[in-house]
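Chains as they are written, first to last, in the numbering used here: chain A, 10 to 314; chain B, 890 to 1395.
Here's what the structure looks like:
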């Protein structure tokens, strides 16, 4: 287990390093920061001046190593656009995004678990078909499109909710639904498949033979076992939620990390964009690592392989 | 995406027709306005976005005010001014004006603000607005002089625009960062709350000085929210969540005219569109060095039809590269390139391109207009390949000599003087890709002479020469569309500045 853990951690660190280097290079390739900073109407000498002030005239490798080293020490640099400390900017926006991700995950489980169970209990019935349709639609429809439909119906038509902003809980309802539905289909499929398998197993047959009620069999015996892989999937889906928040937060003008990412991308604010990309990919790598280790701990066969 | 947004507006309109939102804003005498960009700092010297200019003119005042209806200059924080010599402006300042924090306005405020922002060490984000200032000097409590580095007749225009006055004691204490967090000015509105990145809230300044040419504000409160997504803004205004949005795309605005609770107002802006040709030695398309080819392109495009069909109400075709209201702008003596595809083909054949040629066309906004241009060019045999990108990337390509033809636009920072427009592209500046020394010298004369008649004559010659040589093809002025709640009374000005202090509810 120890060797396995060490190997996994080493691999995760390598992935994180590769991602940070890729993010750094890709962002540098996307445009000239000095020109973006200078803005419309700047003269050549203004741009040269900016290049010197921000150290953008040095070799890329030097800039990358410096950035990485500073980041490891907790110094994420200064935002080129907002002219403030990147770390405080990111920490300021993080709670909104975490709330949104958490609410969306809860919402997504709250719809996918019951629907998945129903689909498994009545396989190939109209209930199953309806659930399948919902899953396919959720998977196929771009989340920004679904968000616009929600806005139209709930805000423009019925005036039930505010369209955009992040001041009250009501502002979180539509983003939660839009984002939660976006990640729900894989949960639904997994619950359905797991339940069908479990319901066909011997111990469920035994439970039925003992004369237990259907509710008790499904809820107590079957669902518990079917839920195990859901936990691992949730870790992965959380990554998608963080990624999806860029689009959803921008549509609903929710002042979170995703919105900040959008703003900093449009203004070529490279230190902020880099930090967000690095932060989110580290979270993703961390979650995957945790899931790997948990699985290995649960199932010894994985460690050997 | 365009079709999707159209679909959305259509559906949202259908929805809006069956339900009318409550008019809370009218009752509260409040305007809630949404804008898509977040200013990096609301201190007018430390942002270069339009919303920054809008906030700037509400929270702060300038020495001089330009009446947007007559273009006449009036005293605002100054009561009078005169040129003492070629490089010295003298101002008499207004007595009894107070900043929002109670600080009294006098010469110290002017001197401190101008010396601070024009010092390159303080890294103003809009250096072009202040780098003409050599220094400001106090003569007495209510008299100051501004010394310019070179003779700079457009100074008046800048002092009536982006150059606002800060309270010196407060600014010295908090700096631009503190000014962003808690802005203090002397303008018709004061800031009550600035939630950075989310919204800024203003309320009427009850002590606003009586004689201000801006007049006394009538609306009690203004809330400016930052909403990046266009569809969300449309939904907000249709659902009554905000009272006004601007820069709505032409097609969406036309659709929204059908909504019962909003009105659509369009107006011409100072932003002009033009095609710019790279004719330098290393141009990627040497054909452009031939004047007949450039004239052929000029005759190939039906600008009148474009204005009518896709640019929108208020736009007009231009014959010289400047906005007509700008000082020195004229198309007198400049040739007219009417739409004449046959002539265009003949010119191409004469230049040795009977079958046309391939060329990259760089563009960054109003993509549908660029596509129309590509269609016109194709009709005469020029196969233009669209290279659509962000503004900064396009400008980078132009400066590196990679862009043979650019579909450019320029807004002159709303400065009503040719010096803020034509010279940017023709005075051997980084964006000059034609480099004609004669044009440069004429523009230099216009930029630096104090005599208005000499200036006008120099600009007229420069503009005519540019048009004659077809270094660029001026296309048309662009328009902007405002969508607002039906009861709000307002005027759409060419400088793209909503003036909330003038607005009222019916």
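Each residue gets a CB set at the ideal place from its N, CA and C atoms; glycine is no exception.
Buried or exposed for residue i, please, with buried defined as at least 16 other CB atoms from any protein chain shown within 10 angstroms of its CB.
i: residue 995/B; result: buried
i: residue 1098/B; result: buried
i: residue 55/A; result: buried
i: residue 1105/B; result: exposed
i: residue 1299/B; result: buried
i: residue 114/A; result: buried
i: residue 70/A; result: exposed
i: residue 891/B; result: Unreliable placement is indicated for residue 891/B, whose pLDDT of 48 sits below 50; no coordinate value is reported for it.
i: residue 1386/B; result: buried
i: residue 1195/B; result: buried
i: residue 12/A; result: exposed
i: residue 1021/B; result: buried
i: residue 1241/B; result: exposed
i: residue 62/A; result: exposed
i: residue 133/A; result: exposed
Whole angstroms are fine: how far does the CA of residue j sit from the CA of residue i?
i: residue 1343/B; j: residue 1309/B; result: 17 Å
i: residue 1349/B; j: residue 1366/B; result: 19 Å
i: residue 1316/B; j: residue 1150/B; result: 49 Å
i: residue 1254/B; j: residue 196/A; result: 42 Å
i: residue 1271/B; j: residue 1211/B; result: 27 Å
i: residue 233/A; j: residue 126/A; result: 11 Å
i: residue 1120/B; j: residue 180/A; result: 17 Å
i: residue 1302/B; j: residue 1013/B; result: 15 Å
i: residue 1391/B; j: residue 1209/B; result: 33 Å
i: residue 1059/B; j: residue 1073/B; result: 8 Å
i: residue 240/A; j: residue 59/A; result: 49 Å
i: residue 1122/B; j: residue 166/A; result: 15 Å
i: residue 82/A; j: residue 95/A; result: 14 Å
i: residue 309/A; j: residue 930/B; result: 56 Å
i: residue 928/B; j: residue 264/A; result: 14 Å
i: residue 1245/B; j: residue 1294/B; result: 15 Å
i: residue 146/A; j: residue 260/A; result: 20 Å
i: residue 919/B; j: residue 913/B; result: 8 Å
i: residue 277/A; j: residue 1262/B; result: 29 Å
Could you tell me which of the options sits nearest to residue i, measuring between CA atoms?
i: residue 1043/B; options: 1307/B, 954/B, 1362/B; result: 1307/B
i: residue 1171/B; options: 1222/B, 1056/B, 1289/B, 1122/B; result: 1289/B
i: residue 249/A; options: 109/A, 30/A, 86/A; result: 109/A
i: residue 967/B; options: 1229/B, 1010/B, 998/B; result: 998/B
i: residue 1370/B; options: 1146/B, 1078/B, 916/B, 1226/B; result: 1146/B
i: residue 974/B; options: 1383/B, 1351/B, 1338/B, 1347/B; result: 1338/B
i: residue 186/A; options: 174/A, 284/A, 112/A, 105/A; result: 112/A
i: residue 1269/B; options: 1374/B, 1228/B, 985/B, 1112/B; result: 1228/B
i: residue 1090/B; options: 1237/B, 1015/B, 921/B, 1363/B; result: 921/B
For residue i, which three-state DSSP category applies?
i: residue 117/A; result: helix
i: residue 926/B; result: coil
i: residue 890/B; result: Low local confidence applies: a pLDDT of 44 at residue 890/B is under 50, so the model's placement there is unreliable, and no value is given.
i: residue 176/A; result: coil
i: residue 1181/B; result: helix
i: residue 1283/B; result: helix
i: residue 80/A; result: helix
i: residue 1084/B; result: strand
i: residue 969/B; result: strand
i: residue 220/A; result: coil
i: residue 1034/B; result: strand
i: residue 1166/B; result: strand
i: residue 1219/B; result: coil
i: residue 211/A; result: helix
i: residue 108/A; result: helix
For the ligand FAD, is there a heavy atom less than 7 Å away from the beta-carbon of residue i?
i: residue 282/A; result: As presented, the structure is devoid of all ligands, the ligand FAD included, so that no description of it is given.
Residues from the stretch 1100-1132 of chain B in contact with chain A, defined by Cβ distance under 8 Å: 1114, 1115, 1116, 1117, 1118, 1120, 1121, 1124, 1125, 1127, 1128, 1129, 1130
Chain B contacts made by the stretch 169-189 of chain A, where a contact means CB separation under 9 Å: 171, 172, 173, 174, 175, 176
Residues within the stretch 74-103 of chain A neighbouring chain B, beta-carbon criterion of under 7 Å: Within the stretch 74-103 of chain A, those residues whose Cβ lies closer than 7 Å to any Cβ of chain B are, in chain order, 90, 91, 92.
Positions along the stretch 1082-1099 of chain B whose CB lies within less than 9 Å of some CB in chain A: 1084, 1085, 1086, 1087, 1088
Residues within the stretch 1283-1295 of chain B neighbouring chain A, beta-carbon criterion of under 7 Å: 1284, 1285
Residues within the stretch 235-260 of chain A neighbouring chain B, beta-carbon criterion of under 7 Å: Correct list: 259, 260.
Contact residues within the stretch 988-1017 of chain B, judged by C-beta distance below 9 Å to chain A: Residues 1009, 1012, 1014, 1015, 1016, 1017.
Residues within the stretch 275-288 of chain A neighbouring chain C, beta-carbon criterion of under 7 Å: Any reference to chain C falls outside this structure, whose protein chains are A and B.
Near-chain A residues of the stretch 1150-1173 of chain B (beta-carbon distance less than 7 Å), N- to C-terminal order: none
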